[in-house]
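Everything on this sheet refers to the single structure shown next.
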Amino acid sequence: MTFTDFAFDDQLLDGLNSMGFKTPTPIQTQAIPIVQSAHDLIACAQTGTGKTASYLLPVMDGICRLEKRPPISALILAPTRELALQIDQQVEGLAYFTGITSIAIYGGGNGIDYEQQRRSLREGVDIVIATPGRLIAHLNSGGVLLDQLKYLVLDEADRMLDMGFQEDLLRIVGKLPKVRQTLMFSATMPAKIRKFAEKLLNNPQHVNIATSKPAEGIKQEAYRTFDEQKNKLLLSLLKEGDYNSIIIFASTKEKVKHLSTDLRKLGLKVKAFHSDLKQEERQEILLNFKNKKVSVLIGTDVLSRGIDVDGIDLVVNFDVPGDPEDYIHRIGRTARAETTGTAITLVNNKDFRKFKAIEEFMGRVVDIIPLPEFLGEGPSNPLASTNKNGNNRRKKKPFRKNGQRKHFSKKKPDAVG
DNA sequence: AAAAAAG
1 MTFTDFAFDD QLLDGLNSMG FKTPTPIQTQ AIPIVQSAHD LIACAQTGTG KTASYLLPVM
61 DGICRLEKRP PISALILAPT RELALQIDQQ VEGLAYFTGI TSIAIYGGGN GIDYEQQRRS
121 LREGVDIVIA TPGRLIAHLN SGGVLLDQLK YLVLDEADRM LDMGFQEDLL RIVGKLPKVR
181 QTLMFSATMP AKIRKFAEKL LNNPQHVNIA TSKPAEGIKQ EAYRTFDEQK NKLLLSLLKE
241 GDYNSIIIFA STKEKVKHLS TDLRKLGLKV KAFHSDLKQE ERQEILLNFK NKKVSVLIGT
301 DVLSRGIDVD GIDLVVNFDV PGDPEDYIHR IGRTARAETT GTAITLVNNK DFRKFKAIEE
361 FMGRVVDIIP LPEFLGEGPS NPLASTNKNG NNRRKKKPFR KNGQRKHFSK KKPDAVG
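Numbering (UniProt numbering), first residue to last: 1 to 417.
Here it is, written out as structure tokens:
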């Protein structure tokens, strides 16, 4: 199968060829005909599967074929600014010969950005790619020409609901024409998403190519460590290994900030990436990472989904993500497009059960690598320890009189908020 | 549990 089988507009095909697209991916093969047949669509698919082109191509083809183009033909909603920007860049590449116009609408920029966005939304632009918050701000100021829109796409719908965008999304959809084509993409399909889809979609067709299994090309490893050992272990992993491009994930912004200063003190050239940075800084860092001017990025989960950077050969989970889905997304930053990569997770005692849950979710175990000798003993495996009866059941909670609670851990003040 | 997104 080739892209010519879809009978796309010639100019769109030119753009496709110039971007080096050859063979459609499974999601594209399945989704494109559905969109072309004017049905609504729910697709369960992760990034890296060719998901973005699977809706951009038929939507852009549809726009090329409109007898009269409305001021705004398509609205694409995405959870993060980086994803919105990335989609917009893909539109620009594909649209090169078509005359289709687009703009990414998101917050965090300067007043000039806001004015440009406002003008486009009031004067018309074929495709709008937006994060919900900023689009709402524009809708509140009025004059946004969405009343003749043909296509609505919700990308990473599960992530948008997780981020509390449900009400914003419903408000946005309330401003759109009832007759339109709606396409929803989500990495997971919990009941919450299904219910949400029922509100927005009309008799949708389903496509499912999602999997709880990470790509074959990812070598997964884990180390059991105490927190005090993590920095030194990380340093040795980075120094011993022959890696060109590395992402290190940590679960909070504070951890990301601390870790990047720590690693810098240890002599590594690293950049931190999180939402406390100015949007221009975020973009510059990501650009330099893509250019390979920056080789080590330390980031929060804002980087875990949707970011498509070629050539990342190592992902380190400095701690274990709480949600197995996030683990899959994080390690999926490496081994993209048929390449290989390594994913290493540092597991302390507190995270051990979360890590077991991830293994269960994937249906496979991850090799535990012994700590390098210079680090001394790591923690022993709490689930493998045997009690005096010789079985490996975990110890029962000690009986307590009067049901009192015993405080095992005090919350650190900086761990709050 | 925290992240992100509107200032």
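Quick reminder that beta carbons are idealized off the backbone N, C-alpha and C, glycines included. This one's a predicted model, so the numbers in the text were calculated from it and none came from an experiment.
In chain order, what residues of the same chain have a beta carbon less than 6 angstroms from the beta carbon of residue i, not counting five sequence neighbours either side?
i	result
THR342	LYS219, LEU314
GLN148	PRO70
GLY311	SER245
LEU85	ALA104
ILE248	ILE298, VAL316, PHE318
PRO58	ILE32, VAL35, GLN36
TYR327	PRO321, ILE358
LEU263	VAL270
PHE165	PRO132
ASP5	none
ASN288	VAL294
Could you name the residues of the same chain whose beta carbon sits closer than 8 angstroms to that of residue i, not counting the 5 residues immediately before and after it, in chain order?
i	result
GLY93	GLY15, SER18, MET19
LEU266	ASN231, LEU235
GLN116	ILE103
GLU228	none
ASP367	GLN220, GLU221, ALA222
Tell me the residue span of the alpha helix (DSSP H) that contains residue i.
i	result
THR29	26-36
GLN117	111-123
ILE172	166-174
LYS265	253-265
ASN288	279-290
TYR55	51-65
LEU200	191-200
Terminal residues of the continuous beta strand (DSSP E) containing residue i?
i	result
HIS329	Where HIS329 is concerned, there is no enclosing beta strand (DSSP E), although the alpha helix (DSSP H) it sits in stretches over 324-331.
LYS219	218-224
GLY299	296-299
For a quick check, are the C-beta atoms of residue i and residue j less than 7 angstroms apart?
i	j	result
ILE103	ARG134	no
ASP126	CYS64	no
ASN317	THR345	yes
ALA129	ALA157	A small correction: the amino acid at residue 129 is Ile; Ala does not occupy that position in the sequence shown. Cβ distance not < 7 angstroms, so ILE129 and ALA157 don't count as in contact.
VAL256	SER275	no
GLY50	THR25	yes
THR98	GLN11	yes
LEU146	LYS175	yes
TYR55	LEU183	yes
THR29	GLN90	no
LEU161	ASP40	no
ARG122	GLY107	no
ALA187	ILE42	no
PRO79	ARG159	yes
GLY378	ARG282	no
Which partner residues of residue i appear in the DSSP bridge assignment?
i	result
GLY20	DSSP, once it has assigned bridges, lists no residue as partnering GLY20.
PHE185	ALA43
LEU346	TYR223
ALA130	LEU77, ILE105
VAL320	Bridge partners of VAL320: none, in fact.
GLY376	BP columns for GLY376 are empty, so no partner.
Looking only at its own chain, which residues have a Cβ that is under 7 angstroms from the Cβ of residue i, when we skip the five neighbours before and after it?
i	result
ASN208	CYS44
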